[in-house]
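Visitor: Here it is, the structure in full.
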Amino acid sequence: MWKEVDRLEKDIILCIHKQPLSITEIAKKVKRDKSTISSTIKRLEEQEIVKKSHDYSKDARKTEISINHKRIRIEKSHMFYLTYYILICISLIFSGIISSILKNPLFFLGSIIIALPIFLLMLYEVYVKEDKTIVEKNPKLKEKKSKIEADQKIESSFNPQTN
Numbered sequence: 016m017w018k019e020v021d022r023l024e025k026d027i028i029l030c031i032h033k034q035p036l037s038i039t040e041i042a043k044k045v046k047r048d049k050s051t052i053s054s055t056i057k058r059l060e061e062q063e064i065v066k067k068s069h070d071y072s073k074d075a076r077k078t079e080i081s082i083n084h085k086r087i088r089i090e091k092s093h094m095f096y097l098t099y100y101i102l103i104c105i106s107l108i109f110s111g112i113i114s115s116i117l118k119n120p121l122f123f124l125g126s127i128i129i130a131l132p133i134f135l136l137m138l139y140e141v142y143v144k145e146d147k148t149i150v151e152k153n154p155k156l157k158e159k160k161s162k163i164e165a166d167q168k169i170e171s172s173f174n175p176q177t178n
């Protein structure tokens, strides 16, 4: 279940996308309070989106935050539509080849008439959305063991065992 992240999470993820950073360095780059970044990192770590690690050879006190690439997807909006542009162009080239083999230019003209509105719609979408970076996450759902255990205790207190 991929969903788009909020603004602060997006800034943090894009900040540590290239190289792992400490919480202080992230706070400086994002220009937010260290406690806000820390609580957001904690929440992202519970969802297994980021990982904390220590590099004991350099500095044992420094905790570096890195991304779990299996749970994060980063795309640029123009790259999303580029695949569709390529598919439309390949299909038009293919229909042009078939049109020349069949010696029927109307076949190619029909392909252009079908592909042109789709192509124009995609150009409009790129113009409206501009060149945004889309960051999506697939968070790991928290196991609610403590809630289940509490429910079992309540049920056992209402249903006393008879001996």
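Position one of the sequence shown corresponds to residue 16 (the numbering used here), numbered consecutively onward. We put the CB at the ideal spot given by N, CA and C, even for glycine. Keep in mind the model is a prediction, meaning the values are calculated, not measured.
Quick one: grab the DSSP three-state call for I87.
Guide: DSSP places I87 in strand when its eight states are reduced to three.
Visitor: Looking only at its own chain, which residues have a Cβ that is under 8 Å from the Cβ of V20, when we skip the five neighbours before and after it?
Guide: The residues are I28, V150, E151 and K152.
Visitor: When we look at the beta-carbon of V143 and count the other beta-carbons within 10 Å, is it buried (16 or more) or exposed?
Guide: V143 comes out exposed.
Visitor: Going by DSSP, what residue range makes up the beta strand (DSSP E) through E151?
Guide: First-last of the beta strand (DSSP E) with E151: T148 to K152.
Visitor: Closest to Y139 by C-alpha separation, out of Y100, L124, I105 and S115, would be which residue?
Guide: Per the Cα distances, Y100.
Visitor: Using only the alpha-carbon positions, how far apart do I103 and I113 sit?
Guide: Rounded to whole angstroms, I103 to I113 spans 15 Å at the Cα level.
Visitor: What does the alpha-carbon distance come out to for the pair W17 and T148?
Guide: In a straight line, the C-alpha of W17 is about 15 Å away from that of T148.
Visitor: To the nearest angstrom, how far is it from the Cα of I31 to the Cα of Y96?
Guide: Going from the Cα of I31 to the Cα of Y96 covers about 26 Å.
Visitor: Taking C-beta to C-beta, are P35 and I80 nearer than 9 Å?
Guide: Yes, they are a contact pair.
Visitor: Evaluate S126 with the Cβ neighbour count: other Cβ atoms within 10 Å of its Cβ, from every protein chain shown; 16 or more gives buried, anything less gives exposed.
Guide: Answer is buried; the Cβ neighbour count reaches 16.
Visitor: Give the DSSP-derived three-state secondary structure of I38 in the structure shown.
Guide: Residue state, collapsed to three classes: helix.
Visitor: As an exercise, report each continuous alpha helix (DSSP H) stretch of at least 4 residues that is fully enclosed by the region 90-139, in chain order.
Guide: Whole alpha helix (DSSP H) segments, 4+ residues: 92-117.
Visitor: Checking the sheet assignment: what are the DSSP bridge partners for I80?
Guide: I80 pairs with L36 and K67.
Visitor: For L59, which residues from the same chain have a beta carbon less than 6 Å from its beta carbon, with the 5 sequence-adjacent residues on both sides left out?
Guide: Excluding sequence neighbours, L59 sits near V65.
Visitor: Under the DSSP definition of a beta bridge, which residues are partnered with K18?
Guide: According to DSSP, which records beta bridges pairwise, K18 is partnered with K152.
Visitor: On the CB-based measure, 16 or more other CB atoms within 10 Å of its CB, does T55 come out buried or exposed?
Guide: By the neighbour-count rule (16 or more Cβ atoms within 10 Å), T55 is buried.
Visitor: On the DSSP letters alone, give me the boundaries of the alpha helix (DSSP H) that K57 sits inside.
Guide: Looking at the DSSP string, the run of the alpha helix (DSSP H) that includes K57 is K49 to E61.
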